[in-house]
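Position one of the sequence shown corresponds to residue 111 (the numbering used here), numbered consecutively onward.
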Amino acid sequence: MIHIGLTGWGDHPSLYSQTTTSRDKLYDYSGHFPVVELDTSFYSIPTVGNVQKWIAETPKHFQFVVKAYQGMTGHLRDENPYGNTQEMFDAFKEAIHIFKKAGKLALILVQFPPWFDCQQKNVQYIRYIKEQLAEFPIAIEFRNRTWYSAQFMDGTLNFLKQQGLFHTVCDEPQVGEGSVPLVPISTGDKVLFRIHGRNVHGWRNPGNNEQWRKVRFLYDYTTEELASLKEKVEQLQNTAKEVYVLFNNNSGHHAAGNAKTLQKMLGIEYHNLSPKQLDFFEGAD
């Protein structure tokens with residue numbers, strides 16, 4: 111099964127009706143795609159109330175890929191708001207349990223920073239993540255090229271497989287050590303394919319902290335490029351039961367259109383989506 115979606119549901123204008131308010135955006139989104147990446151959980155662990163609200167707003171078979179909190183992955187630059195590491199993981203697990211109980215948890219995405227390179231202490235930390243989140247399906251995304259070097263790639267993929275961790279395949283600009291190659295290999299019955307765009311300049315020079323998203327993920331895939339991605343998705347489908355494809359190239363609102371095109375290329379039609387809302391005056395004489 112191939113599940114195509116986007117990262118976040120709040121910034122895709124082509125998916126909403128003219129009367130959509132901010133609180134309706136997830137409902138409208140779930141009328142188009144069967145899965146979404148919850149990326150706000152990277153910045154703060156969601157409250158129980160918010161998780162319950164998101165579950166209630168989506169169809170029965172809708173799935174969430176939940177991004178791990180930044181304090182768990184080594185991204186956090188400010189003081190950790192939790193008393194200790196265990197308290198932080200416990201708060202995250204409390205939220206994730208609700209998704210799991212509702213049958214709406216596809217994966218937890220654990221995305222490590224570019225400076226998280228292939229060395230023994232980092233391998234041990236991945237083991238620690240696995241122990242903490244043992245009851246949940248975990249996808250690991252590397253952003254440092256050393257994990258895929260000729261010396262380490264086989265070991266990296268075998269390690270993920272042995273630990274029961276799912277590989278995150280990435281399509282992104284190739285700009286040296288701070289980016290990873292497209293390696294369409296699964297390490298279990300699920301695989302995550304995150305599509306970041308190919309904006310080499312923006313990836314290298316994202317600008318100031320407030321504007322980096324507007325530059326880094328500014329990219330519109332061509333038909334030829336999407337056809338190549340289609341081949342990679344089909345390759346992954348041969349080795350994994352569940353393939354989750356998430357478009358993250360949304361600085362210019364291109365993600366939704368690219369995802370729809372890829373879906374059409376693959377001949378996929380999703381059922382059990384939310385009913386699409388009619389515009390207020392639609393159908394009026």
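Glycine included, C-beta positions come from ideal geometry on N, C-alpha and C.
Under 8 Å between C-beta atoms of residue i and residue j
{"i": "P144", "j": "G118", "result": "no"}
{"i": "G312", "j": "S124", "result": "no"}
{"i": "E189", "j": "V158", "result": "no"}
{"i": "H306", "j": "D330", "result": "no"}
{"i": "F303", "j": "V355", "result": "yes"}
{"i": "L372", "j": "K340", "result": "yes"}
{"i": "G362", "j": "L328", "result": "yes"}
{"i": "K351", "j": "M111", "result": "yes"}
{"i": "G206", "j": "V176", "result": "Contrary to the premise, residue 206 reads as Ile rather than Gly in this sequence. Yes; because the gap between Cβ atoms is below 8 Å, this pair is in contact."}
{"i": "L270", "j": "V279", "result": "no"}
{"i": "H142", "j": "L383", "result": "yes"}
{"i": "Q261", "j": "K240", "result": "no"}
Buried versus exposed, by CB contacts within 10 Å (16 or more), residue i
{"i": "E147", "result": "buried"}
{"i": "G286", "result": "exposed"}
{"i": "Q230", "result": "exposed"}
{"i": "D299", "result": "exposed"}
{"i": "D395", "result": "Caution is warranted here: a pLDDT of 38 is assigned to D395, below 50, making its placement in the model unreliable, and the coordinate value is therefore given only provisionally. Result: exposed."}
{"i": "S154", "result": "exposed"}
{"i": "R253", "result": "buried"}
{"i": "Y126", "result": "buried"}
{"i": "G181", "result": "buried"}
{"i": "T195", "result": "exposed"}
{"i": "T332", "result": "exposed"}
{"i": "S140", "result": "buried"}
{"i": "T129", "result": "exposed"}
{"i": "N348", "result": "exposed"}
{"i": "S296", "result": "buried"}
{"i": "Y238", "result": "exposed"}
{"i": "W225", "result": "exposed"}
{"i": "P156", "result": "buried"}
{"i": "A369", "result": "buried"}
{"i": "K211", "result": "exposed"}
{"i": "E251", "result": "buried"}
{"i": "A216", "result": "buried"}
{"i": "T266", "result": "buried"}
{"i": "D264", "result": "exposed"}
{"i": "N359", "result": "buried"}
{"i": "A365", "result": "buried"}
{"i": "K135", "result": "buried"}
{"i": "F390", "result": "The predicted model places F390 with a pLDDT of 41, which falls under 50 and marks its position as unreliable; any figure quoted below should be read in that light. Its Cβ having fewer than 16 others within 10 Å, F390 is exposed."}
{"i": "A244", "result": "exposed"}
{"i": "A201", "result": "buried"}
Beta-ladder partner(s) of residue i, from DSSP
{"i": "F276", "result": "A249"}
{"i": "G115", "result": "V145, L356"}
{"i": "K135", "result": "For K135, which the question treats as bridged, DSSP gives no partner whatsoever."}
{"i": "I305", "result": "D281, F357"}
{"i": "K300", "result": "E352"}
Integer-rounded CB distance, given that residue j should sit under 8 Å from residue i
{"i": "A192", "j": "F152", "result": "Checking the sequence, you will find Tyr at residue 192 rather than Ala. Going by Cβ atoms, the distance from Y192 to F152 rounds to 15 Å, so no, they are not a contact pair."}
{"i": "I218", "j": "P247", "result": "7 Å"}
{"i": "Q173", "j": "H113", "result": "6 Å"}
{"i": "V310", "j": "P283", "result": "4 Å"}
{"i": "C228", "j": "T183", "result": "Going by Cβ atoms, the distance from C228 to T183 rounds to 16 Å, so no, they are not a contact pair."}
{"i": "T168", "j": "K214", "result": "7 Å"}
{"i": "A249", "j": "F222", "result": "Actually they do not touch by this definition, with Cβ atoms about 12 Å apart."}
{"i": "L346", "j": "V290", "result": "Not quite, the Cβ-Cβ distance comes to about 16 Å (not below 8 Å), so this is no contact."}
**Item:** Complete alpha helix (DSSP H) runs within the region 166–247 (minimum length 4 residues, chain order)
**Value:** 180–183, 195–211, 230–242
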